[in-house]
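What follows is one structure encoded as structure tokens, with my remarks underneath.
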Amino acid sequence: MNARPFIIISTRLPPQLCGIGAYSWLLHRHWPGETSHVGFLVVEGAAESAAALNHSAIAEFNAKAANLSRALESADGADVLLHYAGRAYHRYGCPIWLPAVLAKWKAKYPAGRLLIFFHELPGKFPIASRHYWIDLCNRRIIRKLARLADVIVTNTSDHVTKIMKISGRADVHLAPVGSNILAPDNLSQQRVRTEFVIFGLPFSRWQTLQMFDAEIRSWQRDGRLTKLHLVGPRDEKFDLRSEELIAAWPDPHVVIRHGILPSLEVSKLLAGVQFALTNATFKNWSKSGPLMAYASHGCAIVGRLHAASTPLCFTISPDEVATISEADLGGRTQSLKEWYDQNADWNIIARKISDLLPAKVQEEAMT
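Quick look at the structure:
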């Protein structure tokens, strides 16, 4: 008996830049068992992704209800994994057509299972804000989707609480993101204590520079920061804001602007610097790709999120950069990497999510 088809609905897969698409592909790459029966339905870029990823079973539906409905019809009673974020399927974040398409498919093929991974959730805006009505619409869509799902997964504890409130369901599961920069098996122990890195998208890099502006000035004056590596895609608007901050530092020349680097080069850089700056918060740290990249590479993560709970207890507060001992520094980075390997490694994440599928599905997938 062949394994039933497994369809993954997502945004844009690599090599196109999209966090949800990258997550979708890496989760598939590490999915346990045979995956030859896995197909993707993406918003756009199917041909480019199929060629780059050497995976022919990628089709696009252009975020149109009729196209997705036809594709699901041809998949028959498949298991479906939907990676959901409102803006992924509608420019304003309200794909009101999506629940109806999935409901129709489930009604026709009751043997199919629907697993939904909620990557983003609506914010809270005052009623006078134009975003209020958009997010109200998105909440209703999420409520409808949650009622259809056999399994619900999301990536932060805050999201778990919100989905429970929106949907009325208690069976919402948590799975963190993994690093999209794979670390080598043997990390170098030779790190430069005065080298720092900020890795991520332009807006996030600017936010991080803002957050640590005063500390960076102080670290420079005290000789504790001699290089700051900025890694990630460029953007005229936010790069200009970043440059305005950098220009006012005691020595702006400490900054090395790498732009986009191949994953292997990013990995080498992360393996050599000591400190990594993050703007992650208590609410969103478990969905921060850069933070997970730092953790997997044994960087000392500096942020405003130190807490008694694991793994945040292994991060470093800004005022500790100047005082933390080598022994304490090594202990925290080692503990953080061990936590990552045990909880956020892609094999761990994929196994955790696959184990949430009903037993009948797992048995068929093994045959």
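Be aware that the sequence shown starts at 0, since it is given in numbering that gives the first Met the number 0, and climbs by one per residue. Yeah, the Cβ is synthetic: ideal placement off N, Cα and C, and Gly gets one too. Just so you know, these numbers come straight off a predicted model, no measurement behind them.
Nearest-angstrom Cα separation, counted from residue j out to residue i
| i | j | result |
| --- | --- | --- |
| residue 91 | residue 52 | 29 Å |
| residue 350 | residue 217 | 45 Å |
| residue 438 | residue 22 | This structure cannot speak to residue 438, because the chain is shown only from 0 to 366. |
| residue 221 | residue 156 | 38 Å |
| residue 30 | residue 344 | 12 Å |
| residue 270 | residue 166 | 42 Å |
| residue 151 | residue 163 | 10 Å |
| residue 342 | residue 74 | 33 Å |
| residue 319 | residue 239 | 30 Å |
| residue 106 | residue 145 | 15 Å |
| residue 12 | residue 324 | 43 Å |
| residue 148 | residue 7 | 14 Å |
| residue 293 | residue 200 | 15 Å |
| residue 60 | residue 206 | 35 Å |
| residue 124 | residue 279 | 21 Å |
| residue 101 | residue 244 | 48 Å |
| residue 46 | residue 265 | 27 Å |
| residue 34 | residue 4 | 9 Å |
| residue 17 | residue 179 | 11 Å |
| residue 177 | residue 261 | 18 Å |
| residue 94 | residue 67 | 12 Å |
| residue 88 | residue 130 | 17 Å |
For residue i, three-class secondary structure by DSSP
| i | result |
| --- | --- |
| residue 83 | strand |
| residue 180 | coil |
| residue 58 | strand |
| residue 71 | helix |
| residue 194 | strand |
| residue 153 | strand |
| residue 227 | strand |
| residue 130 | helix |
| residue 148 | coil |
| residue 49 | helix |
| residue 9 | strand |
| residue 117 | strand |
| residue 275 | strand |
| residue 39 | strand |
| residue 254 | strand |
| residue 27 | helix |
| residue 173 | strand |
| residue 366 | Note on residue 366: pLDDT 41, under 50, position unreliable in the model; the coordinate value appears next. Residue state, collapsed to three classes: coil. |
| residue 78 | strand |
| residue 265 | helix |
| residue 299 | strand |
| residue 95 | coil |
| residue 323 | coil |
| residue 348 | helix |
| residue 162 | helix |
| residue 361 | Its pLDDT being 44, under 50, residue 361 is placed unreliably in this model, and the coordinates cannot settle the point. |
Integer-rounded CB distance, given that residue j should sit under 8 Å from residue i
| i | j | result |
| --- | --- | --- |
| residue 277 | residue 287 | 7 Å |
| residue 44 | residue 15 | 5 Å |
| residue 348 | residue 26 | 7 Å |
| residue 58 | residue 71 | Between residue 71 and residue 58 the Cβ distance is about 11 Å, and since that is not below 8 Å, they are no contact. |
| residue 198 | residue 289 | 5 Å |
| residue 339 | residue 295 | 5 Å |
| residue 211 | residue 272 | So it is not a contact: roughly 15 Å between Cβ atoms. |
| residue 352 | residue 174 | 6 Å |
Exposure of residue i, with buried meaning 16 or more beta-carbon neighbours within 10 Å
| i | result |
| --- | --- |
| residue 191 | exposed |
| residue 321 | exposed |
| residue 310 | buried |
| residue 314 | buried |
| residue 336 | buried |
| residue 126 | exposed |
| residue 170 | exposed |
| residue 132 | exposed |
| residue 118 | buried |
| residue 252 | exposed |
| residue 137 | buried |
| residue 55 | exposed |
| residue 263 | exposed |
| residue 233 | exposed |
| residue 365 | Caution is warranted here: a pLDDT of 39 is assigned to residue 365, below 50, making its placement in the model unreliable, and the coordinate value is therefore given only provisionally. Residue 365 should be labelled exposed. |
| residue 312 | exposed |
| residue 332 | buried |
| residue 28 | exposed |
| residue 317 | buried |
Residue i and residue j closer than 8 Å at C-beta
| i | j | result |
| --- | --- | --- |
| residue 99 | residue 76 | no |
| residue 255 | residue 229 | yes |
| residue 158 | residue 120 | yes |
| residue 84 | residue 19 | yes |
| residue 184 | residue 356 | no |
| residue 135 | residue 113 | no |
| residue 208 | residue 241 | yes |
| residue 371 | residue 193 | The structure shown does not extend to residue 371, since the chain is modelled only from 0 to 366, so the question has no answer here. |
| residue 298 | residue 281 | no |
| residue 116 | residue 160 | no |
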